[in-house]
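Take a look at the structure below.
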Amino acid sequence: MASPIVPERPTLDGLEAKWSAAWEDSGTYSFDRSAPRERVFSIDTPPPTVSGSLHVGHVFSYTHTDAVARYQRMRGMAVFYPMGWDDNGLPTERRVQNHYGVRCDPSVPYNPAFEPPVDPSEKEPVAVSRPNFVALCLQLTDSDERAFEELWRTLGLSVDWSMTYTTIGAAAQRVSQRSFLGLLARGEAYQLEAPTLWDVDFRTAVAQAELEDRERPGAMHRVRFARADGDGGALIETTRPELIAACVALLAHPDDERHRELVGREVRTPLFATRVPVMTHAAVEREKGTGLVMVCTFGDVTDVTWWRELGLPVRSVLGLDGRLLEVPWGAPGWESEDPERARASYAELAGATINQARRRMVEMLAASGDLVGDPQPVSRAVKFFEKGDRPVEIVTSRQWFIRTIDHADELIARGRELQWHPPYMRARFEDWVEGLNGDWCVSRQRFFGVPFPIWYPIDGSGTVLYDQPIAPTPERLPVDPSTDVPDGYAPEQRGRPGGFAGDPDVMDTWATSSLTPQIAGGADEDRELFERVFPMDVRPQAHDIIRTWLFTTILRSQLDEGVLPWRHAAISGWVLDPDRKKMSKSKGNVVTPMHLLEEHGADAVRYWAVKGRPGADTTFDAQQMKVGRRLAVKLLNASKFALADLPPEGRALTQPLDRALLARVAQVVDEATRSFEEYDYTRSLDRTEEAFWWYCDYYLELVKGRRYEGATDGAASASRALRISLSAFQRLLAPFLPFVCEEVWSWWQPGSVHRASWPEVGELGLECAGAEGARELLALEVAADVLREVRKAKSQARMPMRAPVARVVVHDSPTRLQALELGRGDLANAGTIASIECQPAVEFSVEVELAQSAD
RNA sequence: GGGCGCGUAGCUCAGUUGGUCAGAGCACCUCGCUUACACCGAGGGGGUCGCCCGUUCGAGUCGGGCCGCGCCCACCA
C-alpha cells in the first residue's frame, strides 16, 4: 500500500463538487447490465412531480433510498437505480397556465409560430391549441428537470444518470398504451357512461383515490314535500336544496315506524311539483334529520348507490361546468303536475352556479312556505379533488375504467407477499383495498397526458360508435388519436360521417406512474434489461401515496404480469415543521433544499434525513444537521490521526486492547449489516455512529501514548489496529456520508469507497476468541471506565486532562481487575497516571490522587 | 364510528425476545487551547418512562381499560 497522503488541514468544503464530478467521470454508479438477476438490486425510484421545485421532504426520503442503494452496491450488487420525472398531468398543466397565461382549447388549430404572451398576468388567458399547449408543458418541465438533477447530484444520490425517464416521454407512453390495449383486449378495461366524480373547475373526471375531505361550513335545510294523494306532507333535511329539481325519490329505513304510512306512496317536490316515490333502503339512518332522505341524481356517492340499487331514473341538473343545465319541464323524464310553475321556478336557477342556485332556491322555498324554520348552520366534511378548489360533483359521463373490485382479493394476497418496512404500513394498503367502492376511473378530460390509443368509427348518420373502438397495431405506439389516423382511414375522414373520431381523453397520471417498473425497466423495448431487473427489489415511497401509487402499481403488475412488482416496500414518513404539522409548500419554499445543502453540507443534511426511521414522520431540525456535520468533521480528523505516518504498521496485533478493539468493531459490523438487511438504515447508522464516537473518545486516547513510543511492537500493533478499524468505519459510514467518506478513503485507498466491499467480520483478522478474547474485550471496557473516572476527577479539580495523576486505586470485581491488567500500560499512558493499584470490591469505584503541581 | 401509529429529561428521539433500561444527542452550566480534531475535548445538573388496573419474584418493556396527539378510512340526508 502506498503511504497515505493526508492534508494538513482536512476540510469538508467543496467536497460535493469535487466528488460528484469524479463519480460522474469514472461512472462510479453506472449499472452493470451484464450482471445476472441474482446479483442485481433494482429500485423502483419514485419519479418526483415536476411542477415547481423539490422540497425538503424529497431530500428526506430520497436520501433513505440512496443509503440502501449504496449499501447494496458495496455488498457487490449491481444496483439498478434510475431516476424518473413525473411531468405529465394536471400539476404541470396548471403551472403552464399560470406561467404563460394560456389555456388549452382543443378546438383551436395548431399555430407553428406561436409565442406565449409577454406579460401573462395582465390579460385573460390566451386560448391555444393542444399541440401548442403540450409544447409549452414540455418546455417548462425540461428546465425543471435539469434543476432537479442538479440538486440530486449535490445531495449525492448514487443514481445512474444514463437511466432516466419521464412519464410524458415516448417510452412511457408506449408502455402505458400497450398495457391499456392489453387490458382492453382482456376485458379488464372498459368504457361506461355512468355517474362519475367530477371536478367542475378542471372539468375532468377524477378517481376515488384522488379525493380528500375538507371541513366546510354549510347549512341544514328542513324542507316540506307534499303528499301527492292528499293531505299532509313529508319533511326532509338537506344541505343541498339546489338539487331538489333532481330529486328522484325519498327514502326511509324499512323499520322506521314514523314513515311506514308514507312508504309506497308518492310525494310532490316543492316548486317543481314532480311526483317521486317514497321507498325504503337499509342504509338510511333513522337518527339523521327526520329519518327521511331525499335522493338526487346526484348529490353524493350515497345517492349513486341508492339510485343504482333501487333502479331509479336519472334527472340531471348539473352541467360539466358546474352550472345548472336548462331542462325541459313537462317533457318525458321531467314530468310535473304544474309545468308552468316548474318552468318559472327553474328559470331562476338555470345557468347559475351551485352556490348561486342554492341561495335562490332557499329564497324561493322560504317564499313558498316549503322551508320549515331557518336553515341551521352546520360544519361538515366535503369531498374535494385533492388538487381542486371546489367540491367534487357527480355527473354522468362516458369514462374508461380498469377493473379493481373483481381483483380485490388477489391484491390483498399480493400485499401480504410484499415485505413492508415498517410492517404496519401494510394495514393502510389492506384498509384501502377493502374500502374500494368502484372500479378505477382512468380517463381524464385533460391535455398533457398519455392519450387513449383509441379511435371510434362514425356511422353514416354521424353517430360515434363508442362500442366499436379501433385500436392501433402495437408497432404504431405511441399514438395520439387527436392527430394520428387509424389504419384504413384517411385524415380527411376525421369527424365525418362514415369516418372516425379519436378518443379525446388522456389517462390519469397514476395510470402511467403505476407502470414505473415496466417503464424504467424497459419492458417494452429492452426485454433483456427487463428480465434482469423485474420484479424489482424495492419500491421506496412515502406513506401518503400507498392508496394511489403503491396500490395501482400492484394492480397493474398483477393484471399485466401476474406477479408482485417488487419484493420490498420501503415506506418513508413526512417532514414535519417544528410545530408538528406537515411541512407546507410555503414553508418548504422558504427552506429550499439547495440552501440547506449549501449551508450545512450534503453529508450533514443526509445525516438528518437518515435519522428519520423508516415510516416515521420526522421533525425538520437544523440542529441535527449540525450534529451530522460534526460527525463528518470527526471522521476527517480521526482519519488523519489513524493514518499519520509516525509508526509503521506492524504485521501483527500484539496488544490485547488492539485485538479487543477489532472484536468491538466486529460487533458493530454485524449489527450495521443486519439492520441494513432489514432496510433499517437508521439503526445501522445509530450503531456505527455510537461505536465510532466511542472509538474516538476512548480507544484513540488509550493507544495514543503507545503510538508515540517510536518503533516498538506496541506502536506497530496500534497502527495496524487503527488502520483496520478506520477502514471499517469509513465504509460503514459511506452510505450515509458519501462525500466525506470518499474524501478520507481517497487519502490511502485506491478506487471509490462506494465500490469497496462492505466490511465483514472475517476481514478483521480476529485472532483471539474464546475466554481470552472475552478477557481482552473486558480489559478495554474496564480501561475505558477507569479513564472516565480519572477524567472526571481532573475535570472536577479544574485541571487540564494532561495533568499528572500520582495514584489511582481501582475497586472492582476480581474478574474485571484481572482483565484490567491487560490494559494497565495503555491506561497509565492515557491518564498520565504514575501508579495504578487494584483492590477487589463488590462495586466499581475509583480513587484518584492528583499529583501536586510543580509550583 | 373503524384501522394504524405515537405519548420516555426543556427539545428531538434510542431503548429488538420483561431482570445494570432509566439512556443518547441538542440546549443549559462548569472546566480545559493536551502533538487527530476549538467545526474541539472533559465533566455536571435534569425524568414517579401519559393515567389506572392486571400478569409476574420483577414491567417504558406483556395484557386490559382510559386520556391526549397524529395519520388513514367510513359517515357526512
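Counting in numbering that gives the first Met the number 0, the first sequence runs from 0 upward without gaps. For each residue, glycine too, the CB sits at the ideal point set by N, CA and C.
Residue nearest to residue i in terms of C-alpha spacing, selected from the options
{"i": "W548", "options": "A245, A206 and R495", "result": "A206"}
{"i": "E848", "options": "D825, G824, V117 and P803", "result": "P803"}
{"i": "Y109", "options": "L528, F132 and R359", "result": "F132"}
{"i": "V303", "options": "V283, P194, R774 and P115", "result": "P194"}
{"i": "A608", "options": "S50, A66 and Q375", "result": "A66"}
{"i": "G229", "options": "L210, E260, E256 and R239", "result": "E260"}
{"i": "R185", "options": "D373, P6, I401 and G372", "result": "I401"}
{"i": "I42", "options": "D12, L156 and L249", "result": "L156"}
{"i": "S751", "options": "P758, A733 and V760", "result": "A733"}
{"i": "Q729", "options": "D254, L634 and A412", "result": "L634"}
{"i": "P331", "options": "R628, R257, W18 and P312", "result": "P312"}
{"i": "L182", "options": "V266, T352 and F451", "result": "F451"}
{"i": "P90", "options": "P45, E123 and T140", "result": "T140"}
{"i": "S556", "options": "W328, S178 and W746", "result": "S178"}
{"i": "G434", "options": "F447, M424, I411 and V667", "result": "I411"}
{"i": "V505", "options": "R357, D483 and F446", "result": "F446"}
Exposure of residue i, with buried meaning 16 or more beta-carbon neighbours within 10 Å
{"i": "A21", "result": "exposed"}
{"i": "E742", "result": "buried"}
{"i": "H867", "result": "Missing from the structure shown is residue 867; the chain here goes from 0 to 854 and no further."}
{"i": "Y28", "result": "buried"}
{"i": "M800", "result": "exposed"}
{"i": "L370", "result": "buried"}
{"i": "S513", "result": "buried"}
{"i": "I4", "result": "exposed"}
{"i": "Q851", "result": "exposed"}
{"i": "P46", "result": "buried"}
{"i": "R531", "result": "buried"}
{"i": "G372", "result": "exposed"}
{"i": "T511", "result": "buried"}
{"i": "Q307", "result": "In the sequence on display, residue 307 carries Arg and not Gln. Looking at its Cβ environment, which holds fewer than 16 other Cβ atoms inside 10 Å, R307 is exposed."}
{"i": "N87", "result": "buried"}
{"i": "S142", "result": "exposed"}
{"i": "Y189", "result": "exposed"}
{"i": "Y423", "result": "exposed"}
{"i": "G611", "result": "buried"}
{"i": "K791", "result": "exposed"}
Residues of its chain near residue i, where Cβ-Cβ distance is below 6 Å and the 5 sequence neighbours each way are ignored
{"i": "A245", "result": "C295, T296, R314 and V316"}
{"i": "L684", "result": "V609 and F735"}
{"i": "T551", "result": "W509 and S513"}
{"i": "E265", "result": "A227, R274 and P276"}
{"i": "V604", "result": "L595, L596 and M624"}
Residues near residue i in its chain [Cβ-Cβ closer than 8 Å; skip 5 each side]
{"i": "E334", "result": "T273 and R274"}
{"i": "E775", "result": "P655, L656, R658, A659, A662, C767, A818 and L821"}
{"i": "R566", "result": "L417, Q418, P534, M535, D536 and V537"}
{"i": "L701", "result": "L656, L779, A782, A783, L786, G822, D825, L826, N828 and A829"}
{"i": "R493", "result": "V484, F499, A500 and G501"}
Bridge partner(s) assigned by DSSP for residue i
{"i": "V5", "result": "Answer by DSSP bridge pairing: none, since V5 is not bridged."}
{"i": "W399", "result": "Q190"}
{"i": "E265", "result": "P276"}
Chain-order list of residues whose beta-carbon lies under 7 Å from that of residue i (same chain, five-residue window excluded)
{"i": "E209", "result": "F384 and E385"}
{"i": "P390", "result": "V381, K382 and F383"}
{"i": "A714", "result": "P646, R705, R706 and E708"}
{"i": "I353", "result": "E241 and G321"}
{"i": "K639", "result": "V5 and P9"}
{"i": "F428", "result": "G414, I545, L549 and F550"}
Exercise for the section: Report yes or no: do the stretch 364 to 371 and the stretch 278 to 296 share at least 3 C-beta pairs separated by less than 8 Å? Expected result: Under the 8 Å Cβ criterion, the stretch 364 to 371 does not count as touching the stretch 278 to 296, having fewer than three qualifying pairs.
Problem - Segment contact, 8 Å Cβ cut-off, at least three pairs: the stretch 204 to 223 with the stretch 367 to 378 - result: yes
Exercise for the section: Pair every Cβ in the stretch 29 to 44 with every Cβ in the stretch 75 to 86, then say whether three or more of these pairs are closer than 8 Å. Expected result: yes
Exercise for the section: Count the C-beta pairs between the stretch 438 to 454 and the stretch 392 to 400 that are closer than 8 Å, then say yes if the count reaches three, no if not. Expected result: yes
Exercise for the section: Examine the Cβ distances between the stretch 402 to 412 and the stretch 537 to 547 and report whether three or more of them are shorter than 8 Å. Expected result: With a cut-off of 8 Å, the stretch 537 to 547 and the stretch 402 to 412 do not count as touching, because too few Cβ pairs lie within range.
Handout entry: Sufficient close CB pairs (3 or more, under 8 Å) joining the stretch 830 to 848 to the stretch 808 to 818
Key = yes
Practice task
Count the C-beta pairs between the stretch 747 to 763 and the stretch 614 to 621 that are closer than 8 Å, then say yes if the count reaches three, no if not.
Solution key: Fewer than three Cβ pairs drawn from the stretch 747 to 763 and the stretch 614 to 621 lie within less than 8 Å of each other, which leaves the two stretches out of contact.
Problem - Any 3 or more C-beta pairs closer than 8 Å across the stretch 89 to 103 and the stretch 55 to 66 - result: no
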